[in-house]
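Enquirer:
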Amino acid sequence: SGTSVASAGDVDGDGLSDLLIGAPSNDDVGSSAGKSYLFLASSIASGGTFSLSAADASFVGEASSDNSGSSVASAGDVDGDGLSDLLIGAYRNSDGAYDPSTSTNAGKAYLILSPY
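The numbering of the sequence shown is my numbering, which starts it at 1 and goes up by one.
1) Take Asp27 and list the residues in its own chain whose beta-carbon comes closer than 8 Å to its own, dropping the five residues that flank it on each side.
2) Report all residues from its chain with a CB closer than 8 Å to the CB of Ser153; omit the five preceding and five following residues, and keep chain order.
3) Can you give the beta carbon distance from Asp118 to Ala41, rounded, assuming they're within the 8 Å contact cut?
4) Would you mind working out which of Ile112, Arg92, Tyr116 sits nearest Tyr106, comparing C-alpha positions?
5) Determine the DSSP secondary structure at Ala23, reduced to helix, strand or coil.
6) Could you tell me if Leu38 is buried or exposed, where buried requires 16 or more neighbouring beta carbons within 10 angstroms of its beta carbon?
7) Between the Cα of Ser64 and the Cα atoms of Ser31, Phe50, Ala45, which residue gives the shortest distance?
8) Quick check: what's the CA-CA separation for Gly66 versus Ser53?
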């Protein structure tokens, strides 16, 4: 985990910036399907050490080798509800297209609207 780390913005409306961590090699639903973890600022203990199992929310990749969580970011407030929304990248997702001559996947980006 920690391949990608970003401020998630304020996803819960408490005025504090929350944290999004990507773990693209996570195997919960398949080999390297990936997983991203959301930690609300209010649940992060002082000192900054915390366990991924204590995440307030998590988002898993769709299939093996998707590498979901390879990139994570705040999307800002996309839907105008006053809460920050999330972007999670899965650069090896092959839902869109796969070019066998170059072994290239189209990839996929997930927009997750808050409240998640």
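From the three backbone atoms N, C-alpha and C, an ideal C-beta is built for every residue, glycine too.
Expert: The answer reads as follows:
1) So the qualifying residues of the chain are Ala33.
2) No statement about residue 153 is possible, as the shown extent of the chain runs from 1 to 116 and does not include it.
3) This structure cannot speak to residue 118, because the chain is shown only from 1 to 116.
4) Correcting the residue identity first, residue 106 is Ala in this sequence and not Tyr. Nearest option by C-alpha distance: Arg92.
5) Ala23 falls in the strand class under three-state DSSP.
6) Burial check for Leu38: the Cβ neighbour count within 10 Å reaches 16 or more, so the residue is buried.
7) Selected option, being the one with the closest Cα: Ser31.
8) Before going further, note that residue 66 is Asp rather than Gly in the sequence given. It is roughly 21 Å from the alpha-carbon of Asp66 to the alpha-carbon of Ser53.
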